[in-house]
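To start, the structure itself, in structure tokens.
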Ligand code: ADP
Ligand code: MG
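Numbering (my numbering), first residue to last: 542 to 1234.
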């Protein structure tokens, strides 16, 4: 049996099963062997029915005592009752009822798992299940660890349920050692104490013990993370090995004079980061740096000082923001910041007329402007620069990663600074930003007051409104935010619009309110924001468009409606809009539909204002699925490894991968041939500009 031959030749597979396997992307024996169990049954993971807790996830093994179709209120459903001699458990399926009814028989032994409910008795809806009958290896009797495989209806129809997979895979195990190509160089395996790949795969399928199982899976996880990090290391080294055409001579007079003009002292963290950036700029190779700093830590001034260095050396800077509102704000900041200096800034947004745009393009090409501020259109459009050397991307974690490849046309060897608000736990930044050097602003400006956060239910809204009134009478301003429901921008708008009507006519008729949302034109948004900045508007009612970056130090209250609908990271970003001045600020989370889960989440917001902690909690609650499920970040998907629980393996894999690339950037050495082969066959499309030749 060859690793890469057609899977139909595996004993017990054949044409029909091969077709079903193909739908899951399994076409070779190698891919079949990498179809590792989704979970395992053993004594320690099986719960007796009389010890189940309602609301908890559990796995039960029992004998079927009853199967029937029930004529439900709306449509028929399938019901299965099992017993393990300590009690009875009912399983119900509302989808695919007939298909399921055909599969179970009385006295079958089954394993089911899911969340335990109570409806007149213990029950699980739509449990995950495996039929264990006539499998002599029932773990309760034998003490073995039984693998359960991911399957589909199509696979089950051809007999490839967990038992089917076990029967096909077991006979392949003795031959594994001769079949599996192990791409990891021997020194990596030795230094990181990894199980040989063949053993790891065997233990992942048919473990001898829990510790063997873990060692086996750890090796497989290491491989996944290692190849991801290898790609990052290759990308990173491709940049580092370039030599810039434009060299910097000194930090420059402009930096000096800007420093002196600052109305406050930089924090030590800001000073350190400016030095780190200068070191990068001063190096012969392009900068590739991530600046992480919690909301309010003062990233903007750092970016403008960097632009001052570039300008002082005769180079142009592009500063890109995720939204037009934010670009506008950065631009205003820049103009204020560079007042009286020779630096000329320009804003490029969608609201310019074609004639204006033409003028600006001309001036950029001639080098008249030193700093161009805009959205990503700045590097994507037909803008041309005279000598763009510094590219600053303020992406606030939201808009995906700008690939360096996107820059190739404008400035292939540009110095790149990506800025992001902290809520990326270290494990995530080692992945999605893993090819960048990292600077961290881990210190808030000294004048900050902590933000007080409260969770309230609707009954207390009256008192909350009174409080808002007091704050405004004291000269401050407030935000009221309505949730974004991504499926429907229209419904969002409706909630915000209704809220705005109600607040402006019924609750706060004496104040000036305005509504801000994503469907307004750039000019309309700018008008509202600038009126709010001047305190001509006291209460800004908005959708989440204010989430990123807006800086209005006089705003001291934020009321977030339906707070339970937001993710933690998003709440943290929103809350970061207040507490930016010297006054005490209050954030009120209005919980419309209280339940234990949302209360738990909102209480995290009440208890901590540390962006790192909040991000870690968010990652624990939501998992990395939506952050990481795809190749959108230009990285391979993870099947086994989990960025939350496997952080330690990630660190090791990263170290190993960067060591390999440091030693051999193009993977040309003979003992890296296996790595090279995997990279070229499986990940070539992800290398982007960093092609290995
Ligand atoms: P963020 O990191 O969230 O982008 P900003 O750059 O918008 O933060 O800074 C937040 C606020 O703090 C701004 O009003 C800015 O002027 C102010 N600020 C920045 N650095 C300092 C400092 N060292 N001392 C006092 N205030 C500062
Ligand atoms: Mg910012």
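All C-beta atoms in this analysis are idealised placements derived from N, C-alpha and C, irrespective of residue type, glycine included. A quick note: this is a predicted structure, and the numbers were derived from the prediction, not measured.
Start and end residues, alpha helix (DSSP H) containing residue 1070: Where residue 1070 is concerned, the enclosing alpha helix (DSSP H) starts and stops at 1063–1074.
Candidates 559, 801, 1194: closest to residue 709 by CA position: Residue 709 has its Cα closest to that of 559, out of 559, 801, 1194.
Neighbourhood of residue 784 by C-beta distance below 6 Å, restricted to the same chain and skipping five residues each side: Taking C-beta separations shorter than 6 Å and ignoring five residues to either side along the sequence, the partners of residue 784 in its chain run 825, following chain order.
Same chain only: Cβ atoms within 8 Å of residue 849, ignoring 5 sequence neighbours per side: 793, 795, 796, 799, 879, 882, 884.
Under the three-state DSSP convention, the category residue 600 falls into: Strand at residue 600.
Host beta strand (DSSP E) of residue 634 (start-end): Segment 629–634, the beta strand (DSSP E) holding residue 634.
Same chain, Cβ closer than 8 Å to residue 1159, neighbours up to 5 away in sequence not counted: 964, 1108, 1109, 1110, listed in sequence order.
Residue 802 versus 1095, 831, 761, 846, residue with shortest Cα-Cα distance: If we check each option's Cα against that of residue 802, 846 comes out closest.
Where residue 1101 falls: helix, strand or coil (DSSP): In the three-state reduction of the DSSP assignment, residue 1101 falls in the strand class.
Inter-residue CB distance, residue 659 and residue 595 (contact presumed, cutoff 8 Å): Approximately 5 Å separates the beta-carbon atoms of residue 659 and residue 595; this is inside 8 Å, confirming the contact.
Three-pair Cβ contact test at 8 Å for the stretch 857–874 versus the stretch 810–817: No, because fewer than three Cβ pairs between the stretch 857–874 and the stretch 810–817 fall closer than 8 Å, the two stretches do not touch.
Alpha helix (DSSP H) segment containing residue 896, residue limits: Start and end: 895–906.
Cα-Cα separation, residue 1177 to residue 575: Using only the alpha carbons, I get a separation of about 15 Å.
Cβ neighbours of residue 551 in the same chain (closer than 8 Å, five flanking residues each side left out): Its chain contains 542, 570, 573, 709, 713 as the residues whose beta carbon lies nearer than 8 Å to that of residue 551, once the 5 sequence neighbours on both sides are disregarded; these appear in chain order.
Start and end residues, alpha helix (DSSP H) containing residue 774: First-last of the alpha helix (DSSP H) with residue 774: 751–781.
Residue 1092 versus 873, 670, 1185, residue with shortest Cα-Cα distance: If we check each option's Cα against that of residue 1092, 873 comes out closest.
Beta carbon proximity, residue 1036 to chain B, threshold 9 Å: You won't find chain B in this structure, because it holds only one protein chain.
First and last residue of the uninterrupted alpha helix (DSSP H) at residue 972: Per DSSP, residue 972 belongs to the alpha helix (DSSP H) from 967–973.
Residue 940 in three-state terms, based on DSSP: A caution first: residue 940 carries a pLDDT of 43, below 50, which makes its placement in the model too unreliable to give a value.
Burial state of residue 1123, where buried means 16 or more other Cβ atoms lie within 10 Å: With a 10 Å radius around the Cβ and a threshold of 16 neighbouring Cβ atoms, residue 1123 comes out exposed.
Three-way DSSP call (helix, strand, coil) for residue 656 in this model: Here residue 656 sits in strand by DSSP.
Euclidean distance between Cα positions of residue 894 and residue 1009: So the alpha carbons of these two residues sit roughly 40 Å apart.
Which of helix, strand or coil DSSP assigns to residue 1172: Here residue 1172 scores only 48 on pLDDT, less than 50, and its place in the model is too uncertain to base an answer on.
From 633, 1208, 915, residue whose alpha carbon lies closest to that of residue 653: If we check each option's Cα against that of residue 653, 633 comes out closest.
Bridge partner(s) assigned by DSSP for residue 570: Secondary-structure assignment with DSSP links residue 570 through no beta bridge to anything.
At least three beta-carbon pairs within less than 8 Å, the stretch 825–841 to the stretch 892–909: Verdict: no, contact absent.
Beta-carbon gap between residue 1037 and residue 1096 smaller than 9 Å: Against a cut-off of 9 Å, the Cβ pair of residue 1096 and residue 1037 comes out as no contact.
Secondary structure of residue 559, DSSP reduced to three states: Reduced to three states, the DSSP call for residue 559 is helix.
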